[in-house]
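When we follow the working numbering, the leftmost residue of the sequence shown carries the number 956, and every step to the right adds one.
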Amino acid sequence: AVVSTQSTGGGIVEVFPADFVYLAPETTAEALVEGLVETIERIDEGSIMSGWEMHERVKKMYSWSDVTRRTEQVYKECLSPKMSLTDRLEFQLNRAPVAGVLYVICYAISYLIFAITTWLQPEHTIEVVPTRYCDGRLEKGRPNTLGRRGR
C-alpha cells in the first residue's frame, strides 16, 4: 500500500490503482503516521491486500517487455521528424492544457536564449574540432559546440 498526502499524492493515484493508495487528509507528519497505522491495521485485519498480493497484482499489470516496447515507441517518435514546430507546440497545448502552456513558455524562452547566443556568436565563428571519437569511430570536422575553449 502507498500512504501519501492529498497534496503530494497527485501522481501516485494516476500510477497505482485506487485500492493501493491511502491519502492522508492533511499534509502533516501526524496525518501520515495515522495513515500508516490505519493501513497496517487494515492489512492485519485482511480488509486490504497484503504487500505480497499487491506485488502479484502489479506484476500482472506491468511487464518489462511492455515498458521496453513503449519506451522504444517514444524514442522512435522523437527521432522521426513528422511534425513541424508549430504542430508540436499545438499538440502540447491540446494534450495537456496547463502543462502544455508551461512547455510552450519554456520552449519560447529556450528558443529566445538560443537566438540571442547565436546572434552573439554565429556558428561560422565557432572553432571546428579536428577529430572526435564518437561511438567507437573517429569523425572529422564536427563543430565544437562548447565554444572556443573546447572543454
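Heads up, the beta-carbon is just placed ideally off N, CA and C, and yes, glycines get one too.
* Check whether R997 and I1003 have beta carbons under 8 Å apart -> yes
* Please report how far the alpha carbon of A1071 lies from the alpha carbon of R1025, in whole angstroms. => According to the sequence provided, residue 1071 is Ile. The question's Ala does not apply to it. Whole-angstrom Cα-Cα distance: 37 Å.
* Asked: On the three-state DSSP scale, how would you describe S1020?
  -> helix
* Asked: Going by other Cβ atoms of all chains shown within 10 Å of its Cβ, with 16 needed for buried, is V970 buried or exposed?
  -> exposed
* To do: On a CA-only basis, which of E1045, S1039, P972 and S959 is nearest K1014? Give me that one, please.
  => P972
* Can you tell me whether A984 is buried or exposed, with buried defined as 16 or more other CB within 10 angstroms of its CB? -> exposed
* Bounding residues of the beta strand (DSSP E) (the contiguous stretch that carries T982) -> Note, T982: premise wrong, no beta strand (DSSP E); not H, not E.
* Asked: Of all the options T982, S1035 and A1063, which has the alpha carbon lying nearest to the alpha carbon of L1044?
  -> A1063
* Asked: Terminal residues of the continuous beta strand (DSSP E) containing S959?
  -> V957 to T960
* Asked: Are T994 and V1053 closer than 8 Å when you measure CB to CB?
  -> no
* Take the Cβ of G990 as the centre, count every other Cβ of all protein chains shown within 10 Å, and call the residue buried at 16 or more, exposed below. => buried
* Report the option in A956, E1008 and T960 whose CA atom is closest to the CA atom of L987. => T960
* Asked: From which residue to which residue does the alpha helix (DSSP H) around I1071 run?
  -> P1052 to L1075
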